[in-house]
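Below is one structure, written out as structure tokens, with a few remarks after it.
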Amino acid sequence: MRWGDLRSDAAQALRALRRQPGFSLMAVLSLAVAIGVNATIFGLVDAILWKPLPGVRSAPLMSVFTSESDGNGFGVTSYPAFRDLRGHHDVFERVGAAALTPMRITEGDRSDRVLGMMVSGDWFGTLGVQAARGRVLHEADDRPEGPAAAVVLSDGFWRRRLAAAPDIVGRTVQLNGHAWEVVGVLPPSFRGVFMGFTPDVFVPTAMESWAAPGRSEMANRGGRSYTVYAQLARGLDLKQAQHRLDAIAAELGREYPASDSGRAFLVLPEVDSRPFPQAHTILAAFMALLLVITGLVLVIACVNLAGLLLARGRERRREIGVRLALGATRGRLIRMLVSESVVLGLTGGAAGLAIAYGGTRLLARFQPPLPVPVTIDLQPDVRVAVFSLVLGLVSAVMFALVPAWQSVSPSLAGALRDDASVGRSRFRSALMITQIALSMLLLASAGLFTRALSRAGALSPGFQPHGVTGVDFDPSLSGLDRAQTLGFYRDLLADLGAHPGVESVALAEHVPLSLGWSEAGMWLTAAEGQDPDRPLDQPVNAVSPGYFETLRIPLLRGRPLRMGQAQGEVVVNQSFAKRFWPGQEALGRRVSFDGPEGPWRTVVGLAADACYRSVGESPRPFVYLALDHDGDDDATLFVRSSLPAGELAAVLRSRIRALAPAMAGVQPRPLEYYIGGSLLPGRLAGGVLSATGVLALLLACLGLYAVVAYSVSRRTREIGVRVALGALPRDILGLVMNEGTRLLAWGAGIGMVLAIAAGFALRGLLYGLSPLDVPAYAGVLALLAVSTLIACWLPARRAVDVDPVVALRQE
47 MRWGDLRSDA AQALRALRRQ PGFSLMAVLS LAVAIGVNAT IFGLVDAILW KPLPGVRSAP
107 LMSVFTSESD GNGFGVTSYP AFRDLRGHHD VFERVGAAAL TPMRITEGDR SDRVLGMMVS
167 GDWFGTLGVQ AARGRVLHEA DDRPEGPAAA VVLSDGFWRR RLAAAPDIVG RTVQLNGHAW
227 EVVGVLPPSF RGVFMGFTPD VFVPTAMESW AAPGRSEMAN RGGRSYTVYA QLARGLDLKQ
287 AQHRLDAIAA ELGREYPASD SGRAFLVLPE VDSRPFPQAH TILAAFMALL LVITGLVLVI
347 ACVNLAGLLL ARGRERRREI GVRLALGATR GRLIRMLVSE SVVLGLTGGA AGLAIAYGGT
407 RLLARFQPPL PVPVTIDLQP DVRVAVFSLV LGLVSAVMFA LVPAWQSVSP SLAGALRDDA
467 SVGRSRFRSA LMITQIALSM LLLASAGLFT RALSRAGALS PGFQPHGVTG VDFDPSLSGL
527 DRAQTLGFYR DLLADLGAHP GVESVALAEH VPLSLGWSEA GMWLTAAEGQ DPDRPLDQPV
587 NAVSPGYFET LRIPLLRGRP LRMGQAQGEV VVNQSFAKRF WPGQEALGRR VSFDGPEGPW
647 RTVVGLAADA CYRSVGESPR PFVYLALDHD GDDDATLFVR SSLPAGELAA VLRSRIRALA
707 PAMAGVQPRP LEYYIGGSLL PGRLAGGVLS ATGVLALLLA CLGLYAVVAY SVSRRTREIG
767 VRVALGALPR DILGLVMNEG TRLLAWGAGI GMVLAIAAGF ALRGLLYGLS PLDVPAYAGV
827 LALLAVSTLI ACWLPARRAV DVDPVVALRQ E
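For the sequence shown, the numbering used here assigns the number 47 to the initial residue and increments by one for each residue that follows.
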């Protein structure tokens, strides 16, 4: 085909579409909405799973992992092992290590928590990242014998916290109570290597004592905190690199048997380990589910387009008949009709790209309930633009072929007569049934998730979060040692406990239903039959007195832990007692977290079961330890109070500043904020399904309206005859509504079967709700029935108003 023919076809297609603006607008709008939704989700999936890390110029970048003793092959690496890897230039051309660490920046009376990253001297070089201002960290900054207190800032932190000061390079900032010299600012495109989390400051690993007080892992082969990134040596492929790493691991195991025996290294492309390897498969499956859901919306839009093109082809029978009579071939006519579809597809793709820009802006504003902000580069790029245009083009052409073939297939005589005696079209009916079935599938799935989330909100987690405010503390970042931290905690509990309007206060190492928890090896007494060489992995939380009262967890028997006197005491929950001492008294029993020989701790209290990791989870054994004996310095304060939120926040900040000025700048939050992450997967799935379900319903109703309206217009003569012979308005109304009702019944039935199958496949996210939940299906079925019947009723009313005299005059 020549270029001139393409130009001629395109011009003719544009003229044909301009002659029917209503049809063109409806077709483009249907495609644009569906393509916009798909392009938005494609951009999200692309940014998370496929797109190279923004600002990273090294390709391909590799991630290196160290196996753990429990068999997990994707563990982080010790700093000494990283140094060993750095010396093997036959495997890696460049290699760098990094570890996230919270830090605190202080400026005057203001103190804020920031996300820091300790990086090795060649980390920026390994990634191929250069500074936008000043320089990045070099090997000279990371020498153990003389490290530099140098810091590189992210562009966002520089603008947000330091007002984009132009003279920032060379200035000092106070981090963790120490003065650091700013040596550079990174470009805006660089967002770090941990997907979703952009560090604010970057410091040398050799400054560990300043950056992470209390951590001492520079010479500790047993401590594993560093993620290693590398560039393979030139000429070395992934399989060869892995083979050499196996030999290095075996050598280190022989040299350091206590820490490295049995350990192995694993090298993977960075893109295959996002956001971390253990979650890559689950995340990829979830992203695939999102693409399938939005893909169903596109199918509905394309089916809608096919119905519109089929109806439009019927209306052009006379035109096509004339062209055939004048010698046009069917191939030429099909090319003409497909050209019009190509124009529709490209226009819909371009409009969909514009919708995707708005959709990504909405997605970028979403912040899950996490202690640090999540940032992902979702700005549509060339990849998303190409995806949108190709998707529009392919969709329009594929779904235009059958209508185009049917449009040129009628007999020449029938076409020239413009025969209006059009019978029922099985193809057109199949299209509408498909639309209704897919709409039912999406709406029913959304209904299940909505019901499940409502049920999850009504389920009791075993404690009462309402009315409780939380505050996170990390005393080590403020320069407080262990003794000072415990003194601060004791004074804070006593001070706030005596304040008017405060009912109770407590501290805990972990917040229930948040992302953090701990497990510890536990031994029972030898008389209870446990293998002393195999400790039980037991979930634990370190808490202060008042924890059960503040969170209103019933203490069934015994007493709570006591501050300063609980080194040998624990509180267990009901499930723990039922599992290890069924039918026996738990109080007075002994457990050990130090070894099979003790020292032993006595159970002094029995608490009711609560949810610890997710709402609706099965009861699990749980142990509460004493915060001042077993907990880390990091803790969360819980305050149950009747004071207004703003007043309570002011009281908390005031009392904390008075007791420990270095701890000022904390952010009080409702306890519901901390536990919101446990419902995040269900909320995401429910939100996506609800949005796509509504879009699918609107598109299906639009298509059904168009088809029924077309049918009414083609049956005007028949309706006129029926009216002339005495048919009543209700008879005409029933005649037209019968077609829509029949399509609704078939589509809803098929959609119900698909929805039930999807419910069973996704029941792990339904918080115990049955996939056969009758109210969810009944509500969705009612919504679908009302919507589709309205779409049929509007053209049916037009049929009732047909004038038989006018109708009978039609040829």
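The beta-carbon is built from N, C-alpha and C at its ideal position, and this holds for glycine as well.
Rounded distance between the beta-carbons of residue j and residue i, thought under 8 angstroms
i	j	result
valine 141	alanine 276	4 angstroms
alanine 196	tryptophan 204	Their Cβ separation, rounded to whole angstroms, is 15 angstroms, which puts alanine 196 and tryptophan 204 out of contact at 8 angstroms.
alanine 93	aspartate 423	6 angstroms
valine 247	leucine 199	6 angstroms
valine 182	glycine 230	6 angstroms
alanine 287	leucine 278	5 angstroms
glycine 793	methionine 444	Not a contact, Cβ separation roughly 21 angstroms.
Cβ neighbours of residue i in the same chain (closer than 6 angstroms, five flanking residues each side left out)
i	result
alanine 145	Met164, Ser271 and Tyr272
glycine 604	Leu633, Val650, Gly651 and Leu652
aspartate 465	With a pLDDT of 47 at aspartate 465, under the threshold of 50, the modelled position of this residue cannot be trusted; read the value that follows with caution. No residues qualify anywhere along the chain.
tyrosine 720	Gly516, Val557 and Ser560
serine 736	Ala492
Rounded straight-line distance, which links the Cα of residue j to that of residue i
i	j	result
alanine 476	leucine 95	37 angstroms
alanine 402	glycine 68	24 angstroms
isoleucine 366	glutamate 316	57 angstroms
leucine 582	glutamine 220	44 angstroms
arginine 463	leucine 372	Residue confidence is low: arginine 463 scores 47 on pLDDT, short of 50, so the model does not pin down where it sits. Its coordinate-derived value is still stated next. If I take the Cα positions, the gap works out to 16 angstroms.
proline 234	threonine 244	11 angstroms
threonine 112	phenylalanine 120	6 angstroms
glycine 493	valine 799	15 angstroms
alanine 461	leucine 356	Any answer about alanine 461 is weak, because its pLDDT of 45 lies below 50 and its placement is not dependable; what the coordinates show is given next. Looking at the two C-alpha atoms, the distance is approximately 15 angstroms.
valine 468	arginine 844	With a pLDDT of 41 at valine 468, under the threshold of 50, the modelled position of that residue is not reliable, and the figure given next carries that caveat. Roughly 19 angstroms separates the two Cα atoms.
glycine 180	methionine 253	20 angstroms
alanine 837	leucine 553	59 angstroms
glutamine 66	threonine 738	29 angstroms
threonine 787	leucine 835	7 angstroms
serine 385	isoleucine 482	29 angstroms
isoleucine 81	leucine 336	14 angstroms
lysine 97	glycine 398	21 angstroms
leucine 597	alanine 186	51 angstroms
glutamate 693	cysteine 348	56 angstroms
leucine 71	glutamine 713	51 angstroms
glutamate 139	alanine 498	52 angstroms
serine 305	glycine 641	20 angstroms
Test item: CB-CB of residue i and residue j under 8 angstroms
i	j	result
leucine 488	leucine 342	yes
leucine 689	glycine 547	yes
aspartate 676	proline 665	no
glycine 508	cysteine 657	yes
leucine 671	valine 586	yes
valine 388	leucine 314	no
leucine 830	serine 485	yes
serine 638	arginine 647	yes
leucine 538	arginine 701	yes
leucine 779	isoleucine 802	no
Of the listed residues the options, nearest to residue i (C-alpha basis)
i	options	result
aspartate 678	Ala588, Val215, Glu631 and Lys97	Ala588
serine 434	Val782, His289 and Val83	Val83
valine 18	Ser385, Gly567, Asn784 and Arg64	This structure cannot settle anything about residue 18, because the visible part of the chain is limited to 47 through 857.
phenylalanine 519	Leu790, Gly513, Thr531 and Pro716	Thr531
serine 687	Ala755, Ala695 and Asp537	Ala695
leucine 284	Asp427, Gly508, Ser109 and Phe495	Ser109
leucine 392	Val820, Ser104, Val74 and Ala331	Val74
serine 166	Ser70, Thr147 and Val274	Val274
valine 294	Ser387, Ser590, Trp569 and Asp130	Correcting the residue identity first, residue 294 is isoleucine in this sequence and not valine. When each option's Cα is compared against that of isoleucine 294, the closest is Asp130.
valine 740	Arg61, Ile346, Gly814 and Met478	Ile346
methionine 382	Gln58, Leu526 and Val637	Gln58
histidine 289	Leu390, Val182 and Leu312	Leu312
histidine 224	Gly202, Trp256 and Val215	Trp256
glutamate 718	Ala822, Ile380 and His512	His512
proline 821	Ser621, Thr147 and Phe495	Phe495
Any chain D beta carbon closer than 8 angstroms to residue i
i	result
glycine 341	Judged by its chain identifiers, the structure shown contains no chain D, having just a single protein chain.
Sequence-distant residues of the same chain with beta carbon closer than 8 angstroms to residue i, five excluded per side
i	result
valine 102	Leu173, Gly174, Val175, Phe236 and Val239
tyrosine 125	Ala143, Thr251, Glu263, Met264, Ala265, Asn266, Gly269, Ser271 and Tyr272
Residue i CB to nearest heavy atom of the ligand ATP below 7 angstroms
i	result
proline 315	Of the ligands one can find in the structure shown there are none, so the ligand ATP has no counterpart to examine.
Residues near residue i in its chain [Cβ-Cβ closer than 7 angstroms; skip 5 each side]
i	result
valine 734	Leu336 and Ile339
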